[in-house]
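> Let me begin by handing over the structure; questions about it come next.
2 protein chains.
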Amino acid sequence: MARRPRDKSGSVRIIDVATAAGVAPMTVSRVLNAPDRVAAATAARVHEAIERLGYVPNLMAGGLSSRRSRMVAAVVPGIGGHFFGVAVQRFTEFLGEAGYQVLLALTGPAGVNEDAVLRSVLGRRPDGVLLTGSDHSPVARRLLRDAAVPVVEMWDTSETPMDTLVSIDHAGLGAAVADFFFASGHSRFAAAGSRFPRATIRRQGFARRVLERGGTLLVDHTLNGSNSITAGRDVLREMAPLLGDRTAFFSCHDSVAFGAVMEARVLGIGVPHRLAICGFGDTEVSRFSDAPFTSVSVDGKAMGESAAEALLDRMNGGPPRHIPLPFEIIPRAST
Amino acid sequence: MARRPRDKSGSVRIIDVATAAGVAPMTVSRVLNAPDRVAAATAARVHEAIERLGYVPNLMAGGLSSRRSRMVAAVVPGIGGHFFGVAVQRFTEFLGEAGYQVLLALTGPAGVNEDAVLRSVLGRRPDGVLLTGSDHSPVARRLLRDAAVPVVEMWDTSETPMDTLVSIDHAGLGAAVADFFFASGHSRFAAAGSRFPRATIRRQGFARRVLERGGTLLVDHTLNGSNSITAGRDVLREMAPLLGDRTAFFSCHDSVAFGAVMEARVLGIGVPHRLAICGFGDTEVSRFSDAPFTSVSVDGKAMGESAAEALLDRMNGGPPRHIPLPFEIIPRAST
DNA sequence: TTGTAGGCGTTATCAG
DNA sequence: CTGATAACGCCTACAA
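Written out as structure tokens, the structure is:
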């Protein structure tokens, strides 16, 4: 391997490549960023030098100079839950093909750290930002406005989006579940969910439609803690005395629905005859459990891809948009 | 809101803050990076100016100058699968608390894009790199060596680690499963798994121990495609004629194990009496399926945390280490 | 405790 | 098509 110039710093610089190829640094830069503007023979010499010296361009310097970082930030609650994991993965893949890297920024379950996370993220001068939900503090909004960076808010609907929106209509989803139950002849309903924003909206959409269509809402329960199988069991035990001959139950999360299904069996409540159950998420437990149950499916991969596409478009000067995402009720043995 | 100086660029610079606070830029820098070396009164004035102007330090400029990016790269196959999703999440959280941001780099299922991904990632001059597995091309090794950056390889064991290793002993894991079966009195065995590196190693560890202890290995099957429920069904149908009174089957992935469990039921093969089954991953299907089955559990969160801790230590000048990660066989109804 | 000078490695811009 | 020059915004090193 050739000797590697490392004059003062520790790594090969553009000037080392330029010297080795007998050209000016600017020409090396062009070979990398605008090959069309360089003669083929020159480009070949430069490439040879790059290869031989193992030159890896310093993107901090390039970004500082060009004011383009070629990086976008993905600000999400977490990626351990399958849904956002898949979404961020697809988002990253899609933008990677367009030459952008992704800075991962985690805000925690309820987005509690969003402001702090956003501040440090913006220090990186991302060319675009992906946000989760549409509930952002005034501080966050000011930071983003001052940064003048394209923003995509995903997952949530909003009547006052900051920029571009890639959203699931959670209220409409709840209403669709109610309609689904009505179509099966139900008239008595129950709902439960966490106090997280989206779950609440789904539940409200469900409740509203139930009342609109003249149904009876026996139970509308807000969980104290977060979604869990145990919470589902507890809810069902509480509800049991109120259940009549036939009730339809919408649980705003599959874990809770699964707990309810399990507990119904323990209590001898027939599913779906006496109690019909619909969950949310179409997760593995809804499909592979002991007793598969109906659930609403939302496509994380599609969300990530739409978000990437929309952000790319914005970064290329396109206008803000609003992209609705579909959902689907997957009927199984519980309804 | 105060008028925001934006002389030539579009955003507030350190000199704007300095001017507003009546100090030199260097003093503002110190307030942010070495508060101890600034008088309290001065710091207060500077903070006021920062707040008022909405100053967000440009980390590209800072990194270029200081030669520290305060960023680490996480190079993983993907984050859609629960395991790496959880690992990367914990990794990011842990390093976030230490002031590092995480650049997410995806190499695809078999790590096929690793070289290209690594090259662009290193352009960002990360202070540390997290890699998945220990099978890296000469190109990758050269890139990392030239970059002189601390590296942690996770997930896989290796006899020639580049630097620090946070690893599960997949071969030992396979052997432990064999021992587990022997302890239940088994003497006839079968194994199946994908051709992915780790799955193969687990299977080899299993097979070797079976033979060492004098067992019979009826089947040692390499799946053509990737892990799936369907593949598990197919494998079991193929194996069925070879099964005697009592056989113990190690499937190197839970999806495959689940398929086998389902197909055994269809074929009327009694589990666990005639066929004992152990999967890998301790995923939801192994716990919540129709027929829960024994599986080997590995802790993604622990892996992410150990990797973060080890990388942090390396970045602070600590020596390379080798951190083994535990696994656990979770017995269920299938054995 | 604070300030000054200079450079980090690249690219925009304009000239040839 | 190629090159010279001057930023980009911050921090290291040294000086006061």
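Heads up: the sequence lines are chains W and Y, in that order. Sequential numbering of the first sequence, starting at 89, is according to my numbering. Sequential numbering of the second sequence, starting at 89, is according to my numbering. Don't be surprised by glycine CBs; every beta carbon is placed ideally from N, CA and C. Computed from a predicted structure; not experimentally measured.
Run through DSSP, which three-state label would W:G216 get?
strand
> In its own chain, which residues sit with a C-beta less than 7 Å from the C-beta of W:I167, not counting the 5 before and 5 after it?
G173, V176
> When the Cα atoms are used, what is the spatial distance from W:F294 to Y:H361?
47 Å
> Could you give the DSSP three-state label for W:V111: helix, strand or coil?
coil
> State buried or exposed for W:S157, treating a residue as buried only when at least 16 other CB atoms are found within 10 Å of its CB.
buried
> Taking 8 Å as the threshold, find out whether the stretch 374-394 of chain W comes into contact with the stretch 297-305 of chain W through three or more Cβ pairs.
Contact check between the stretch 374-394 of chain W and the stretch 297-305 of chain W: fewer than three CB pairs, one atom from each, fall below 8 Å, which does not count as touching.
> Alpha carbon to alpha carbon, how far is W:R334 from W:F368? Give it in angstroms, no decimals.
21 Å
> Relative to the alpha-carbon of Y:L219, which residue among Y:Y188, Y:D267, Y:R133, Y:F179 has its alpha-carbon at the smallest distance?
Ranked by Cα distance from Y:L219, the first of Y:Y188, Y:D267, Y:R133, Y:F179 is Y:F179.
> Any idea if W:N146 is buried or exposed, counting beta-carbon neighbours within 10 angstroms, 16 or more meaning buried?
buried
> Excluding sequence positions up to five away, which residues of its chain have a Cβ less than 7 Å from the Cβ of W:L363?
Excluding positions up to five away in sequence, the list reads L331, T335, F337, A352, I357.
> For Y:A264, list the residues DSSP reports as bridge partners.
Looking at the DSSP assignment, Y:A264 forms no beta bridge with any residue, so it has no partner.
> Beta strand (DSSP E) containing Y:H170: first to last residue?
No beta strand (DSSP E) holds Y:H170; the alpha helix (DSSP H) holding it covers 170-185.
> On the CB-based measure, 16 or more other CB atoms within 10 Å of its CB, does W:R290 come out buried or exposed?
buried
> Spell out whether any CB of chain W is found under 7 Å from the CB atom of Y:T382.
Not closer than 7 Å to any Cβ of chain W, the Cβ of Y:T382 fails to qualify, so no.
> Helix, strand or coil for W:V237, going by three-state DSSP, please let me know.
Three-state result, W:V237: coil.
> Examine chain Y for any beta-carbon lying closer than 7 Å to the beta-carbon of W:G151, and answer yes or no.
yes
> Let me see if you follow: with CB-CB separation under 7 Å, is Y:D234 close to chain W or not?
For Y:D234, the nearest CB of chain W lies under 7 Å from its own CB, placing it at the interface with that chain.
> Using a Cβ cut-off of 7 Å, which residues of the stretch 139-171 of chain W contact any Cβ in chain Y, in chain order?
G142, V144, P145, N146, L147, M148, A149, G151, L152, S157, G166, I167, G168, H170
> Could you tell me whether the Cβ atoms of Y:L232 and Y:V239 are closer together than 7 Å?
yes
> Tell me which residues of the stretch 213-240 of chain Y have at least one Cβ-Cβ distance to chain W shorter than 8 Å, keeping chain order.
R213, R230, L231, D234, A235, A236
> To which residues of the same chain is W:P283 closer than 6 Å at the C-beta, ignoring the five residues directly before and after it?
Reading off the sequence shown, one finds Arg at residue 283 of chain W, where the question assumed Pro. Counting only Cβ-Cβ distances below 6 Å, and skipping sequence neighbours, we find T310.
> Answer yes or no: does any C-beta atom of chain Y fall closer than 7 Å to that of W:L400?
The beta carbon of W:L400 sits no closer than 7 Å to any beta carbon of chain Y.
> Taking C-alpha atoms, which residue in Y:V254, Y:G406, Y:Q189 lies nearest to W:V205?
Y:Q189
> With W:P407 as the anchor, note down where its alpha helix (DSSP H) starts and where it stops.
Here W:P407 belongs to no alpha helix (DSSP H), and DSSP marks it neither H nor E.
> Give the interface partners of Y:E372 over in chain W, defined as CB-CB distance under 7 Å, in chain order.
E372, V373
> According to the neighbour-count rule (16 or more other Cβ atoms, all chains shown, within 10 Å of its Cβ), is W:L183 buried or exposed?
buried
> Which first and last residues belong to the beta strand (DSSP E) in which W:I317 is found?
Run containing W:I317: none in the beta strand (DSSP E); it sits in the alpha helix (DSSP H), 317-327.
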